[in-house]
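Data first, discussion second: the structure below is written as structure tokens.
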């Protein structure tokens with residue numbers, strides 16, 4: 001039998017022999033999830049659940065048989081067995097794996113999941129019984145996870161980090177459930193982290209007071225009081241010991257903490273500040289408490305971590321500049337070395353910009369540049385580049401590290417731009433400054449190409465070429481600019497130059513063939529495009545290059561899917577879209593998947609499968625909200641708007657259409673501008689759209705010269721598609 005793997009917690013996914021399976025329609029998918037969760041059901045009950053609210057008995061029976069046919073076709077005729085003619089059950093011999101069942105023996109399955117919602121984002125329209133089933137299973141699943149975590153917590157060799165992650169996830173699912181907070185407090189008590197247990201209680205106290213005008217229950221309050229008593233005893237003992245050894249008073253401790261906080265360029269995180277201050281747990285907390293209550297610092301929580309900062313930047317600078325230059329340099333050097341040591345021990349990439357910053361401030365510029373390059377290379381691959389070359393897959397598991405550090409990134413880019421402006425006219429070609437200038441310009445070009453800022457991109461490309469000629473990196477960024485603005489001939493020209501520079505036996509050949517294939521697709525020469533893209537995929541999947549470059553084949557297959565979609569060969573389109581998603585299924589790479597989701601969503605939209613299209617378009621939209629890129633962002637918003645219009649949600653559709661217009665103006669992609677204009681014209685002249693909604697949509701209009709933009713689209717296939725595009 002086939003190996004079937006089903007993920008029911010979070011967004012549902014199904015794999016057959018490691019390949020992602022997509023159901024043809026929602027009710028068959030819902031019936032499959034229902035059956036594998038429950039194990040069995042009566043035929044009449046299934047008909048009633050999935051078709052009883054909508055169809056008569058005869059049509060419900062016909063639809064039931066059709067769903068049964070698709071399930072058996074996908075998973076094998078023996079996957080479902082019948083007891084007589086009425087009872088349907090999962091074959092006990094089926095090779096079936098489900099996260100919902102396996103978590104009982106291995107809680108590690110829950111690690112890394114965004115949430116534990118049973119069948120998140122999945123629904124079957126007009127099926128109230130299935131909605132009730134999902135609601136009940138979510139309650140049961142949360143309870144099961146709670147009890148399994150509680151059991152784990154009381155084991156001698158408990159995995160505290162895993163239990164902490166699960167508890168926080170449970171709280172996120174139900175922020176008013178006291179027993180989740182209580183379990184997390186017990187965990188921190190066991191780990192000796194009583195301050196964190198105290199903060200958990202205070203968080204619950206605040207939420208209940210603000211939202212429900214209630215106070216925490218007696219049981220959790222007693223636990224909190226016990227923890228506070230233990231904490232106070234430890235504080236007194238620690239304070240006495242510290243004073244006897246150092247002679248430091250409370251005011252000295254506060255002054256020291258202020259100095260350490262001023263050393264951080266943005267804000268100081270709880271654990272790092274405690275590490276550098278050298279204070280014990282209780283003294284540290286008392287010092288922080290005194291500073292917070294006195295209004296000298298701010299305390300905030302972000303993504304489960306606590307941060308400290310000054311009320312305003314001027315105050316931080318005042319404290320920082322109150323230190324002597326010698327002390328500042330010494331402290332920065334100490335912080336750089338300690339952060340560097342932590343990085344090599346744990347590979348926490350959040351430390352890279354901090355190492356670079358502190359080496360820079362301690363005047364060790366070479367080390368500063370080394371870590372800056374490492375950090376920005378990884379950041380740009382995640383936040384800016386679609387389908388990066390994945391030489392190190394582990395990098396992609398730290399996506400949030402990069403996407404949540406915008407303030408840090410902005411600071412770095414400001415420093416680099418200031419350096420470029422200062423040295424671009426007076427560089428010693430043989431000196432260290434030239435090497436740094438090349439590094440900074442390369443990073444700035446990569447950033448502005450994807451933001452995008454076309455004028456700055458070309459300015460910095462020009463400066464970079466003055467220093468090093470037409471190198472591989474500048475050629476690559478020129479190709480991105482051509483692709484982003486639909487300049488097919490320029491993209492093909494840059495690709496040919498890249499192919500000429502790349503070694504005949506290298507995977508770089510695949511990279512440039514992929515670009516050349518996209519150029520032909522943009523031009524409308526589908527046969528040439530298909531040939532180049534297939535050759536690129538073959539190179540990426542060759543055993544010599546697969547480990548490092550294999551994920552890049554996904555983009556080649558995705559664009560082959562686009563060829564099928566535009567030429568209306570939908571079977572071919574879906575085959576290639578699925579291949580692209582299969583390759584990326586086990587890679588945590590937000591930016592790469594975003595475009596794959598968008599392409600698949602467009603394909604499903606064009607075949608009339610709005611339900612499935614919505615899932616992929618919504619996933620693309622959600623990913624775009626995390627990223628700093630503009631390429632095809634307007635398209636995602638435009639399709640989301642149309643899908644909402646079709647559901648009668650004109651207010652929601654108007655919001656996304658407004659975003660589509662704004663990003664179409666920013667992107668300069670003629671296809672996106674024409675798509676937005678087409679949708680705008682259709683919806684504002686549609687009798688299906690209420691007059692009030694049409695007026696509101698009209699207020700946010702972005703105006704483009706459609707005739708001029710259309711003339712910039714080289715592909716006849718794209719022009720035909722836009723002409724035939726409709727909403728209702």
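In the UniProt record's numbering, the protein residues as written are 1 to 728. Using N, Cα and C, we set each Cβ at its ideal position, and we do this for glycine too. Note that the structure is a prediction, hence the values are computed from the model and not measured.
With 16 other Cβ atoms within 10 Å as the buried cut-off, status of residue i
| i | result |
| --- | --- |
| residue 225 | exposed |
| residue 661 | buried |
| residue 169 | buried |
| residue 124 | buried |
| residue 294 | exposed |
| residue 558 | buried |
| residue 396 | Per-residue confidence for residue 396 stands at a pLDDT of 38, beneath the threshold of 50, marking its modelled position as unreliable; the derived number appears in the next sentence. Classification for residue 396: buried. |
| residue 425 | exposed |
| residue 195 | buried |
| residue 418 | exposed |
| residue 71 | buried |
| residue 318 | exposed |
| residue 691 | exposed |
| residue 695 | exposed |
| residue 716 | exposed |
| residue 506 | exposed |
| residue 3 | exposed |
| residue 612 | buried |
| residue 503 | exposed |
For residue i, three-class secondary structure by DSSP
| i | result |
| --- | --- |
| residue 25 | coil |
| residue 82 | strand |
| residue 306 | strand |
| residue 88 | strand |
| residue 338 | helix |
| residue 120 | coil |
| residue 299 | strand |
| residue 502 | coil |
| residue 676 | helix |
| residue 527 | helix |
| residue 191 | coil |
| residue 41 | strand |
| residue 111 | coil |
| residue 552 | helix |
| residue 567 | coil |
| residue 732 | In this structure the chain extends from 1 to 728, so residue 732 is not present and cannot be described. |
| residue 425 | coil |
| residue 728 | coil |
| residue 139 | helix |
| residue 487 | coil |
| residue 353 | helix |
| residue 623 | helix |
| residue 158 | coil |
Cross-strand partners of residue i (DSSP beta bridge)
| i | result |
| --- | --- |
| residue 95 | 3 |
| residue 15 | 5 and 20 |
| residue 182 | Per DSSP, none; premise fails for residue 182. |
| residue 697 | Residue 697 is not bridged to any residue. |
| residue 269 | 307 |
Beta-carbon proximity of residue i to residue j, cut-off 8 Å
| i | j | result |
| --- | --- | --- |
| residue 79 | residue 60 | no |
| residue 693 | residue 725 | no |
| residue 37 | residue 120 | no |
| residue 153 | residue 111 | no |
| residue 130 | residue 55 | no |
| residue 477 | residue 445 | yes |
| residue 604 | residue 20 | no |
| residue 552 | residue 578 | no |
| residue 713 | residue 719 | yes |
| residue 257 | residue 288 | yes |
| residue 628 | residue 451 | yes |
| residue 308 | residue 316 | no |
| residue 785 | residue 517 | An answer regarding residue 785 cannot be provided, because it is not within the stretch 1 to 728 covered by the chain. |
Cβ separation of residue i and residue j, assumed to be a contact under 8 Å, to the nearest whole Å
| i | j | result |
| --- | --- | --- |
| residue 640 | residue 663 | The pair is not a contact, with the Cβ atoms about 12 Å apart (cut-off 8 Å). |
| residue 598 | residue 636 | 5 Å |
| residue 223 | residue 185 | 6 Å |
| residue 676 | residue 484 | Contact flag wrong, Cβ pair sits at about 16 Å. |
| residue 171 | residue 201 | Actually they are not in contact, since the Cβ atoms of residue 171 and residue 201 sit about 12 Å apart, beyond 8 Å. |
| residue 6 | residue 97 | 7 Å |
| residue 492 | residue 519 | 4 Å |
| residue 437 | residue 423 | 6 Å |
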